[in-house]
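Visitor: Take the position in the sequence shown, starting the count at 1, then add 111; the result is the number in the working numbering. Below are the C-alpha cells for one structure; questions will follow.
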Amino acid sequence: MNKMLIPILFALGTAIFWGCYGPTIGNAQTPRIDGKPLLPPDGWTPFKPYVFIGIAYLVIAIIGGLAMMKVKGDSFSYTAAVPGVEGMSHFATAKWGFLAGSLGAFGALCLTTAMMTSRGNALLVMPIVFGGAVSVTAIVTITRLRGHGPLEINPLLWVGMVLTVCGVVLVAMNTPNAHAPAKPAASVGDHSASVDPATSEGDPAESNVETT
C-alpha cells in the first residue's frame, strides 16, 4: 500500500467528520419565538451542548486513546526519559497534546457559538472555518520554518490564500436562506369577527320589509 494513502484517507475522514460537525451541532440551537432565540431558563445558550461535546471528547479520546495505547504497546508513563535523546521525555506528549486539545476545545466552542447564532447556517459558517483553517495552518508553518533559517516561499501560496478568501465570500454571499414559515389562514370565525358591523347590519330600510 502506498505510504501516502493512509494519511490521505485519515485526512479525508477528518474532513467528513468535521464537515458533518457543523450541521449536526446546528440541530442543538435553542428554539426561536418570533425570530428571537429563547434564553435561559426556558431556553439555553451554546454552552449547554458544548458540555456534551466535551463528554464525547472525554469518552472517545480518553477511553479510546488508552485502549489503542495498550494495543500498540505504548508506555503509560508521561515522565519517562527517551533513551539516546538528551533533554527529551514522554512529557512532550502531555504538554503538546494538552495544548492542541485546548486549541481544539476553543475552536469547538467558537464553532458551536457561530452555529447557534447563525440559526444553524452551516453553509455560511463551515466554509469560513475550513478556508480560514487552511490559511492559518500555512501561516503558522511558515513562522515555525523561518525559525530554522532562511525560507523561500512560492508566490502561489499567497495566490491560493486570496482565492480561498474569495471562495469563502462567494459561498457566504450565495448561501440559500430558509423561507419564513407561512402564516396560518384566517378561520371562518376570525373572518366573521373582522367584518365591519356597519356593513353586516345591512340597510335599515330593508330590515323593516315584511317577509312573505
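Just so it is clear, CB atoms sit at the ideal spot from N, CA and C, and this is done for glycine as well.
Taking the C-alpha atoms as reference points, what is the distance between Leu-149 and Thr-223?
Guide: The residue labelled residue 149 in the question sits at position 38 within the sequence shown. The residue labelled residue 223 in the question sits at position 112 within the sequence shown. Rounded to the nearest angstrom, the two C-alpha atoms are 17 Å apart.
Visitor: The alpha helix (DSSP H) that contains Thr-135, what's its start and end?
Guide: Walking along the sequence shown from the start, residue 135 turns up at place 24. Taken as a continuous stretch (DSSP letters only), the alpha helix (DSSP H) holding Thr-135 covers 116 to 137.
Visitor: For a quick check, are the C-beta atoms of Thr-135 and Trp-155 less than 8 Å apart?
Guide: Position 24 of the sequence shown, counted from the start, is the residue given in the question as residue 135. Position 44 of the sequence shown, counted from the start, is the residue given in the question as residue 155. No; because the gap between Cβ atoms is not below 8 Å, this pair is not in contact.
Visitor: Please state whether DSSP places Pro-174 in a helix, a strand or coil.
Guide: Locating residue 174 in the sequence shown gives position 63, counting from the first residue. A quick correction: the sequence has Ile, not Pro, at residue 174. DSSP places Ile-174 in helix when its eight states are reduced to three.
Visitor: One question on the structure: do Tyr-132 and Leu-220 come within less than 8 Å of each other, judged by their Cβ atoms?
Guide: Taking the sequence shown and counting its residues from 1, one reaches residue 132 at position 21. Taking the sequence shown and counting its residues from 1, one reaches residue 220 at position 109. In this structure, Leu-220 does not lie closer than 8 Å to Tyr-132 by Cβ.
Visitor: Look up Arg-257 in the DSSP assignment and say whether it is helix, strand or coil.
Guide: As a working mapping, residue 257 is identified with position 146 in the sequence shown. If DSSP states are grouped into helix, strand and coil, Arg-257 belongs with the helices.
Visitor: Whole angstroms is fine: what's the gap from Val-159's alpha carbon to Phe-217's?
Guide: By one-based count along the sequence shown, residue 159 stands at place 48. By one-based count along the sequence shown, residue 217 stands at place 106. Residue 159 is actually Lys in this sequence, not Val. C-alpha separation (whole angstroms): 15 Å.
Visitor: Any contact of the region 263 to 282 with the region 233 to 251, i.e. 3+ C-beta pairs under 8 Å?
Guide: Short answer: they touch.
Visitor: Quick check: what's the CA-CA separation for Gly-137 versus Asn-265?
Guide: Against the sequence shown, residue 137 aligns to sequence position 26. Against the sequence shown, residue 265 aligns to sequence position 154. Cα-Cα distance, rounded: 38 Å.
Visitor: What's the C-alpha gap between Lys-147 and Ala-283?
Guide: Sequence index remark: in the sequence shown, residue 147 carries index 36 (1-based). Sequence index remark: in the sequence shown, residue 283 carries index 172 (1-based). So the alpha carbons of these two residues sit roughly 22 Å apart.
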